[in-house]
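So for the sequence shown, this note's numbering puts the first residue at 5; every next one is plus one.
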Amino acid sequence: MSRHSKKRKERAKIYTFLPTGDYYFHKGLQSYDRYDFINAKKYLQRALELEPLEPMIACQLALVHTETGDYEKSNELLLMTLKELDERMTECYYFLANNYAHMGLYTEAYRYARLYLEKDEVGEFSVDAEELIEWIGINDDDNISLLKEQEELLYMQEESRALLEDGKYAEAVEMLEDIVKAHPDFWPAHNNLALAYFYEGETSKAFSMTEKVIANNPGNLHALCNLAVFYYYEQQTEDLEKLIKALEKVKPINSEHRYKLGATFALTKKYEQSYYWLRQLQKSGYEGNSGFYYWLSKAAFFTGNEKAAKSAWNQLVLLEPDKAGSEPWNESKEEADQKSGGDHALLKLLRSDNIPERLCAIFFISISDRQPALLTHPSFKSIDEFTYPEKLYLATILKVDKRQGVHARMKIDKAHETAIELYERYDGHPADVFELLKMWFEVFQKVVESGGKFANPAAFAAAAEYVWSLDNQQAITQREVAKKYGVSPSTLRKYITKIELYL
Numbered sequence: 005m006s007r008h009s010k011k012r013k014e015r016a017k018i019y020t021f022l023p024t025g026d027y028y029f030h031k032g033l034q035s036y037d038r039y040d041f042i043n044a045k046k047y048l049q050r051a052l053e054l055e056p057l058e059p060m061i062a063c064q065l066a067l068v069h070t071e072t073g074d075y076e077k078s079n080e081l082l083l084m085t086l087k088e089l090d091e092r093m094t095e096c097y098y099f100l101a102n103n104y105a106h107m108g109l110y111t112e113a114y115r116y117a118r119l120y121l122e123k124d125e126v127g128e129f130s131v132d133a134e135e136l137i138e139w140i141g142i143n144d145d146d147n148i149s150l151l152k153e154q155e156e157l158l159y160m161q162e163e164s165r166a167l168l169e170d171g172k173y174a175e176a177v178e179m180l181e182d183i184v185k186a187h188p189d190f191w192p193a194h195n196n197l198a199l200a201y202f203y204e205g206e207t208s209k210a211f212s213m214t215e216k217v218i219a220n221n222p223g224n225l226h227a228l229c230n231l232a233v234f235y236y237y238e239q240q241t242e243d244l245e246k247l248i249k250a251l252e253k254v255k256p257i258n259s260e261h262r263y264k265l266g267a268t269f270a271l272t273k274k275y276e277q278s279y280y281w282l283r284q285l286q287k288s289g290y291e292g293n294s295g296f297y298y299w300l301s302k303a304a305f306f307t308g309n310e311k312a313a314k315s316a317w318n319q320l321v322l323l324e325p326d327k328a329g330s331e332p333w334n335e336s337k338e339e340a341d342q343k344s345g346g347d348h349a350l351l352k353l354l355r356s357d358n359i360p361e362r363l364c365a366i367f368f369i370s371i372s373d374r375q376p377a378l379l380t381h382p383s384f385k386s387i388d389e390f391t392y393p394e395k396l397y398l399a400t401i402l403k404v405d406k407r408q409g410v411h412a413r414m415k416i417d418k419a420h421e422t423a424i425e426l427y428e429r430y431d432g433h434p435a436d437v438f439e440l441l442k443m444w445f446e447v448f449q450k451v452v453e454s455g456g457k458f459a460n461p462a463a464f465a466a467a468a469e470y471v472w473s474l475d476n477q478q479a480i481t482q483r484e485v486a487k488k489y490g491v492s493p494s495t496l497r498k499y500i501t502k503i504e505l506y507l
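Rendered as C-alpha cells:
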C-alpha cells in the first residue's frame, strides 16, 4: 500500500453566496442605466424586500416606476420614503412634483416643487424645480384657481372614459357634450365624444367630430387612430389603407401614444405593426391595464410569437380572471361572427349598405348568447328599414308564427339551417366563414326575390362551400364536400347548379 494513500485528501471549500439588498440595488442601478426597466424593477423590488428600511432603494424604485409611466405607484413609494424612512431625502419632493406634472395635476406639481425649494433651496434639482414652476405658469398663488379648474376638467374626462369602458354610452355622451360646450379647445373630450357617438350608432356625428379635431389640431394621434377604427368598422377599406400607411410613419415617444397606436393596429388586424409597438412598450417596463395585455397577446399570437402571447394572456387573467378560456388560440369562430368587435360591430354590420352583409348580421345575432340584448339595443335598426328578404329572415329568428303563408311556402327555416350547417361544418380560416355566409345570403336574397323555395339544408350548404372554395382558389373536390355534408355526389351536383343560377 502506498504511503501516500493514507493521506486524507483535502476537500475543496465551498463558500455560500448570499446576495444582499446592496447587491440587488447595484444590479438594479446597472439595469436602470441601460434603460432596462424590467430588470431594474425586478432587482430593486428584491432589494427593497431584503432591506425595507433603506430609503435609497425605495426612491430608486420609484424612479423606475416613473420611467414606465406608473406615476401613482411611484408617488406611493416617494411618500412612504418621506413619511416612514427618511424625511431628509428632499429630492423626493421634486420627484413627486415631476410625477404630478406628468399626470396633469398641476396644483399638486406646483405644491411639491415649492416644498422642495423650501426644504433645499440650493439642492441638486433646484433649477429643475424652478423651471417646472415656470412651465406650470403659476406666479405665487394667483393662478391656482385656474389650475384647479383644469384638474377638475381632467377628472371629468377620466370619469367619462370610465363610462365608455363600462358601455354607458348615453351617459358618456351627455357628460362629454357638456365638457365640449364649456371647453371647445379641449381635444381629448372631443375624441372621447366621437367614440361615444360611434358606439351609440351615431356614425355621421362620430366622423364629423373626429374631422373637426383633425382640422383644428392636425396630427392629433388619438383622433387619427379613432378615424382608422371608424373606417375599419364601416368597411371603408380604401380610406383605411391610406390612413394605416400614414400611421405606420408615426414614431411616438409618449407611452400612451404608443399604446394607442399599437391597439389601433391590432383592432384593424395589422398585427405585425401592433406587435412591434406593444412589445416595445412591454420591454421598456410598461405595465398596462387589461386592454394592453389583451391586444399584446392577440398581436403576438397572430404574428407567431406564441410564447409572448401566452405570457401576456397570463398577465391579463391576473387582472381579469373571467378572461380565462377565451385566449386567441382557443377562439372558435367568434371573431368571424362579430366582425372583430362584439355587439357594436354586429349592430354596425346591420346598417351596412350590402343586404347579404345585413343578413349575416341577423344570422350572427340569432346564434349569439346576447341575442335579447342585441334585439332590444337602442341602435338596433328599425324594422321598417329592412328589405323584404330581411324581414322574412328576421321573423324566423324572432320565431314569429311561420306555420302559414310565405314562410311555409318558401321554407325560410331551411335557409337558416343551411347557414348553421355552413357555420358549424366549415373548417377553414375563421375569417372566411363570414365571406362564405355572405355568399350564401346573396343566394338567399335572390331566391326570396324570385319567389323560390329552400330545401335540403345539407345539400345547399355543401354546394355553397364548393362554389365559394372554387371562386377563392381553394382546392377541394366534389367527393370531399359531399362526404363532409353527408350528401351524394349527384345531389351535390344538382345543388351546385341551383347555387350557380343565383350568382
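Cβ atoms here follow ideal geometry from the backbone N, Cα and C, with glycine treated the same way. Treat the numbers as computed from the prediction; the structure is a model and nothing was measured.
Whole-Å CB distance - residue i paired with residue j, under 8 Å assumed
i: M93; j: P59; result: 5 Å
i: A113; j: I140; result: 6 Å
i: H194; j: K209; result: The Cβ separation is near 11 Å, so there is no contact.
i: L228; j: F190; result: Going by Cβ atoms, the distance from L228 to F190 rounds to 18 Å, so no, they are not a contact pair.
i: C364; j: L353; result: 7 Å
i: N1; j: T214; result: Since the displayed the chain opens at 5 and closes at 507, residue 1 lies outside it and no answer follows.
i: L105; j: L136; result: One point to set straight first is that residue 105 is Ala, not Leu, in the sequence displayed. Yes, they are in contact, since the Cβ atoms of A105 and L136 sit about 6 Å apart, within 8 Å.
i: Q449; j: P360; result: 6 Å
i: I419; j: F458; result: Here residue 419 is Ala; the residue named in the question, Ile, does not match the sequence. Between F458 and A419 the Cβ distance is about 4 Å, and since that is below 8 Å, they are a contact.
i: L57; j: L89; result: 6 Å
i: Y470; j: Q482; result: 6 Å
i: E162; j: M179; result: That pair is no contact at about 11 Å.
i: Y159; j: F129; result: Incorrect: roughly 28 Å between the Cβ atoms, too far for contact.
i: Y27; j: S35; result: At roughly 13 Å, the Cβ-Cβ gap does not stay under 8 Å, so Y27 and S35 are not in contact.
i: V197; j: E181; result: The displayed chain sequence assigns Leu, not Val, to residue 197. Confirmed, about 7 Å.
Among the options, nearest to residue i - alpha-carbon criterion
i: F41; options: L109, N220, I61, L67; result: L67
i: L126; options: F390, E95, V321; result: Contrary to the premise, residue 126 reads as Val rather than Leu in this sequence. Among F390, E95, V321, the Cα nearest to that of V126 belongs to E95.
i: A101; options: D90, R115, L89, I503; result: R115
i: S78; options: K31, Q64, D26; result: Q64
i: L33; options: A117, I61, F438; result: I61
i: Y236; options: I218, F202, N258, L398; result: F202
i: K274; options: R283, T70, Q449, T307; result: T307
i: V233; options: L199, G223, N221; result: L199
i: F390; options: T400, R355, I371, D373; result: R355
i: V491; options: Q49, S164, E425, R38; result: E425
i: G171; options: H348, L474, S372, K487; result: H348
i: I401; options: I366, D373, H433, A117; result: I366
i: E428; options: I480, S473, I371; result: I371
i: D357; options: I480, E394, D124; result: E394
i: I503; options: R38, R118, H30, W472; result: W472
i: G289; options: K442, Y120, Y39, K314; result: Y39
i: L441; options: K487, E76, R362, Q478; result: R362
i: L247; options: K31, I183, G223; result: G223
Residues near residue i by beta carbon distance below 7 Å, same chain, minus five either side
i: E291; result: T72, D74
i: Q511; result: No information on residue 511 is available, as it lies outside the stretch 5 to 507 that the chain covers here.
i: L52; result: I61, A62, L65
i: E252; result: Q277
i: V485; result: A466, E469, Y470, L496
i: Q342; result: Any reading at Q342 needs caution, since the residue's pLDDT is 44, under 50, leaving its predicted position unreliable; the model's value is listed next. Correct list, in chain order: A349, L350, F368.
i: W444; result: T422, A423, L426, A468
i: S494; result: none
i: Y506; result: V447, K450, V451
6 Å CB neighbourhood of residue i in its chain, flanking five on each side removed
i: G456; result: none
i: R262; result: P256, W281, L285
i: T24; result: none
i: F464; result: T422, Y499
i: V321; result: K327, A328
i: W317; result: S301, E331
i: L323; result: S294
i: A117; result: A101, A133, L136, I137
Same chain only: Cβ atoms within 8 Å of residue i, ignoring 5 sequence neighbours per side
i: Q319; result: Y297
i: L225; result: V254, P256, H261, K264, L265
i: E421; result: P461
i: Y392; result: V452, E453
i: T85; result: P59, A62, C63, A66, M93, C96
i: W299; result: G266, A267, A270, L271, S278, L282
Proximity test, Cβ basis, 8 Å: residue i and chain C
i: Y120; result: Here there is only one protein chain, and chain C is not present.
Margin query: Under 8 Å, with one C-beta from each stretch per pair, do the segment 299–318 and the segment 270–284 reach the 3-pair mark?
Written below: yes
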